[in-house]
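Colleague:
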């Protein structure tokens with residue numbers, strides 16, 4: 001085994017002003033990230049935000065135009081082969097040999113990393129079980145469903161027992177059930193590996209990540225745990241009331257009391273830093289409105305993103 | 316180790332894909348069979364030639380009846396005077412006529428007895444059909460040399476060597492056809508790599524400690540297996556079609572093998588330069604078609620203007636055709652073709668070096 005370099009602290013991934021331009025177009029713009037060992041970090045952002053470019057630079061597939069990064073203390077520019085030895089990558093395209101079966105695909109990557117046959121047998125058995133792929137080991141991969149391919153993709157990234165795992169959009173294009181299944185498998189890896197995951201599904205980041213970095217136009221616009229990010233939004237609670245008999249007078253009155261009020265047919269949206277559910281319902285009813293339903297909406301990462309960038313986080 | 320794993324993976328990908336496999340092995344098969352069918356017509360009368368015997372000796376008659384008339388591709392007609400023969404040539408009845416000068420028999424027999432001899436044959440041919448006359452010259456030349464056991468000035472040939480007199484058109488064009496088949500390995504090689512590039516499989520391999528050299532060699536080793544299989548198919552069918560192999564089969568195989576490697580190397584260069592199959596495909600044809608035209612497999616490069624000939628000679632294919640014709644038809648050994656042979660080896664090494672450099676550059680953009 002190679003000697004461990006001095007890291008100074010417990011950081012697994014450290015980027016320094018990491019930037020990349022393509023023909024003058026800025027894809028990644030001075031990203032500074034510190035990801036701790038054993039952490040599951042999600043890079044959340046819309047398509048084209050610079051997520052894959054960032055991962056590709058960290059995996060030594062792309063050269064940064066400016067800045068650099070360290071993976072377990074190894075510099076991606078100066079020691080790319082050291083980096084490649086300790087990372088596992090599950091790319092966005094399911095990069096699998098279609099005419100090979102899952103065992104052969106796994107063995108190929110394992111042997112390239114110099115994993116011994118015995119270790120390969122034991123680990124692949126374990127991983128295939130964890131990822132629920134034991135059933136069709138002998139089948140050629142081209143017959144697999146999209147979800148199975150994605151899971152195999154992750155197994156292939158893990159076979160050589162890497163210290164750091166990169167998952168680039170691990171559930172892209174899958175139906176909710178298949179996504180859920182992959183989440184369950186990823187959850188099992190939490191704490192055992194340092195994982196950097198990219199996604200444009202906010203529920204995925206919300207469900208899986210210890211910390212989330214929101215990325216837009218190549219810049220990290222917000223960073224923190226899911227609840228930290230949402231806490232910033234507590235200032236902007238929204239109550240949704242569905243009722244009949246809204247009068248213009250009542251609407252005007254509400255607009256005077258609260259920061260934002262909008263009415264769309266029978267639905268009123270009330271936004272303010274402080275909202276008292278009881279008080280609002282009582283007030284509306286006493287004014288003659290027939291309230292059918294009312295609820296206060298918890299802020300989602302979607303709202304956080306919208307608030308920060310003025311854009312919707314959609315495909 | 317990594318090289319072998321990659322090669323194994325590529326071989327599996329191929330033999331489990333009937334369509335891909337069909338192309339790799341079916342192409343040379345169909346190609347050669349088609350070639351065989353085209354030239355399998357009665358090859359007794361491919362070249363009508365006239366002979367005017369002004370010598371009237373037993374030897375000159377033997378030359379006409381025993382040597383020239385026995386060549387299956389020649390249809391020999393005797394003429395009494397040059398004017399009639401010239402008329403027939405002009406009307407397209409003949410491709411060429413040969414005048415056997417007085418004293419021919421005497422000179423030949425002097426030569427046989429070890430004396431000095433000064434023999435000439437005068438050939439007049441239809442210049443409008445360059446390809447036919449080119450081949451005709453070499454056939455007559457070969458027949459005359461075999462008969463007289465000495466160089467007979469028709470065209471220039473420095474090596475008085477053994478010639479199979481039963482030379483057929485298949486013999487002549489066969490090596491060129493095989494070289495053309497091997498040129499098609501350029502797109503085959505490029506496609507193999509670029510397909511994996513496009514599907515992201517290459518990117519995945521590049522996130523492992525696989526080095527550019529491992530990569531190029533891993534894919535090349537697989538393509539070497541394909542190349543060998545294709546050459547075997549080419550040569551077996553050529554043999555079944557009745558191509559006479561006079562020289563060393565192994566030497567011919569080695570020439571074809573080196574040619575195949577050059578194509579694989581060129582394919583790797585194309586693959587390093589393109590990102591998608593859509594980019595690679597036209598680039599391959601842009602390279603392989605002109606190279607085929609300049610190789611001499613369709614047209615003799617001797618007929619080209621000198622600047623084009625030098626250009627053609629900068630690539631391995633013209634050398635490969637020269638060398639393989641030398642071995643297969645004239646039966647020469649390594650010593651006669653060593654410059655072509657060294658050129659092929661040099662080219663193979665150079666193109667792979669370029670491939671690896673370009674690949675290294677393209678892998679971290």
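Residue numbers (my numbering), protein chains in the order written: chain A, 1 to 315; chain B, 316 to 680.
Even for Gly, the Cβ is constructed at its ideal location relative to N, Cα and C.
So, at 8 Å on beta carbons, what are the nonlocal neighbours of residue 316 of chain B in its own chain, with the 5 sequence-adjacent residues on each side left out?
Modeller: So no residue of the chain qualifies.
Colleague: For residue 243 of chain A, which of helix, strand or coil comes out of DSSP?
Modeller: strand
Colleague: Let's see if you can read the secondary structure: which residues bound the beta strand (DSSP E) around residue 339 of chain A?
Modeller: In the structure as shown, chain A begins at 1 and stops at 315. Residue 339 of chain A is therefore absent and cannot be evaluated.
Colleague: Do you know how far the Cα of residue 56 of chain A is from the Cα of residue 95 of chain A?
Modeller: 14 Å
Colleague: Could you check the C-alpha separation between residue 252 of chain A and residue 278 of chain A for me, to the nearest Å?
Modeller: 20 Å
Colleague: For residue 325 of chain B, is the classification buried or exposed, using 16 other Cβ atoms within 10 angstroms of its Cβ as the cut-off for buried?
Modeller: buried
Colleague: Grab me the residues of residue 541 of chain B's own chain with a C-beta within less than 8 Å of its C-beta, minus the 5 sequence neighbours each way, in chain order.
Modeller: 329, 339, 500 and 503
Colleague: Below 7 Å on C-beta distance, what does residue 140 of chain A contact in chain B?
Modeller: 331
Colleague: Cβ atoms of residue 564 of chain B and residue 583 of chain B: under 9 Å apart, would you say?
Modeller: no
Colleague: Using the three-state DSSP reduction, which class does residue 363 of chain B fall into: helix, strand or coil?
Modeller: strand
Colleague: So what's residue 321 of chain A in DSSP terms, helix, strand or just coil?
Modeller: With chain A represented from 1 up to 315, any question about residue 321 of chain A goes unanswered, as that position is not in the structure.
Colleague: Closest by CA to residue 170 of chain A, which one among A:157, A:161, A:163 and A:281?
Modeller: A:157
Colleague: Using a threshold of 9 Å, state whether the C-beta atoms of residue 141 of chain A and residue 97 of chain A are closer than that.
Modeller: yes
Colleague: Could you name the residues of chain B that residue 28 of chain A contacts, counting a contact when the two beta carbons are closer than 9 Å?
Modeller: Going along chain B, no residue has its Cβ under 9 Å from residue 28 of chain A, so there is no contact; the nearest lies around 14 Å.
Colleague: Do the segment 572-589 of chain B and the segment 658-677 of chain B make contact, defined as three or more Cβ pairs closer than 8 Å?
Modeller: yes
Colleague: Reducing DSSP to helix, strand and coil, say where residue 215 of chain A ends up.
Modeller: strand
Colleague: Report yes or no: do the segment 48-67 of chain A and the segment 18-31 of chain A share at least 3 C-beta pairs separated by less than 8 Å?
Modeller: As far as the Cβ criterion goes, the segment 48-67 of chain A touches the segment 18-31 of chain A, which means the pair count is three or higher.
Colleague: Quick test of your reading: residue 497 of chain B and residue 575 of chain B, contact by CB under 8 Å. State the CB separation rounded to the nearest angstrom.
Modeller: 5 Å
Colleague: Pop quiz: residue 646 of chain B and residue 561 of chain B are said to be a contact at Cβ under 8 Å. What is the actual Cβ separation, rounded to whole angstroms?
Modeller: 4 Å
Colleague: Using a Cβ-Cβ cutoff of less than 7 Å, which residues in the same chain neighbour residue 359 of chain B once the five nearest sequence positions on both sides are dropped?
Modeller: A caution first: residue 359 of chain B carries a pLDDT of 45, below 50, which makes its placement in the model too unreliable to give a value.
Colleague: Could you give the distance in angstroms between the alpha-carbon of residue 480 of chain B and the alpha-carbon of residue 143 of chain A?
Modeller: Model confidence at residue 480 of chain B stands at a pLDDT of 40, short of 50, so the residue's coordinates are unreliable and nothing is read from them.
Colleague: Beta strand (DSSP E) containing residue 389 of chain B: first to last residue?
Modeller: 389-394
Colleague: Closest Cβ-Cβ distance between residue 523 of chain B and chain A: below 9 Å?
Modeller: yes
Colleague: Output the residue ranges of the alpha helix (DSSP H) runs that lie fully inside the segment 74-128 of chain A and measure 4 residues or longer, sorted by chain position.
Modeller: Within the segment 74-128 of chain A, the complete alpha helix (DSSP H) runs of at least 4 residues fall at 80-86 and 102-112.
Colleague: Spatial neighbours of residue 382 of chain B within its chain, please: CB distance less than 6 Å, with the 5 preceding and 5 following residues excluded, ordered by chain position.
Modeller: The beta carbon of residue 382 of chain B lies closer than 6 Å to those of 458 and 462 in the same chain, with the five residues before and after it left out.
Colleague: Go through the segment 140-211 of chain A residue by residue and report every complete run of the alpha helix (DSSP H) that reaches 4 residues or more, in order.
Modeller: Those alpha helix (DSSP H) runs which fall completely within the segment 140-211 of chain A and span 4+ residues are 146-158, 176-189 and 202-208.
Colleague: Compare the C-beta of residue 70 of chain A with all C-beta atoms of chain B and state if any pair is closer than 9 Å.
Modeller: no
Colleague: Ordered along the chain, which non-local residues of its own chain (more than five positions away) have a Cβ less than 7 Å from that of residue 511 of chain B?
Modeller: 517
Colleague: Mind checking if residue 409 of chain B is an interface residue toward chain A, Cβ cutoff 9 Å exclusive?
Modeller: no
Colleague: Can you tell me whether residue 380 of chain B is helix, strand or coil according to DSSP?
Modeller: helix
Colleague: Examine chain A for any beta-carbon lying closer than 9 Å to the beta-carbon of residue 517 of chain B, and answer yes or no.
Modeller: Yes, contact with chain A.
Colleague: Beta strand (DSSP E) containing residue 439 of chain B: first to last residue?
Modeller: 437-440
Colleague: Report yes or no: is there a C-beta of chain A within less than 9 Å of the C-beta of residue 592 of chain B?
Modeller: no
Colleague: Tell me whether the beta-carbon of residue 410 of chain B lies closer than 9 Å to the beta-carbon of residue 440 of chain B.
Modeller: yes
Colleague: Mind checking if residue 520 of chain B is an interface residue toward chain A, Cβ cutoff 9 Å exclusive?
Modeller: yes
Colleague: Let me know the secondary structure DSSP gives residue 26 of chain A once reduced to three states.
Modeller: Reduced to three states, the DSSP call for residue 26 of chain A is strand.
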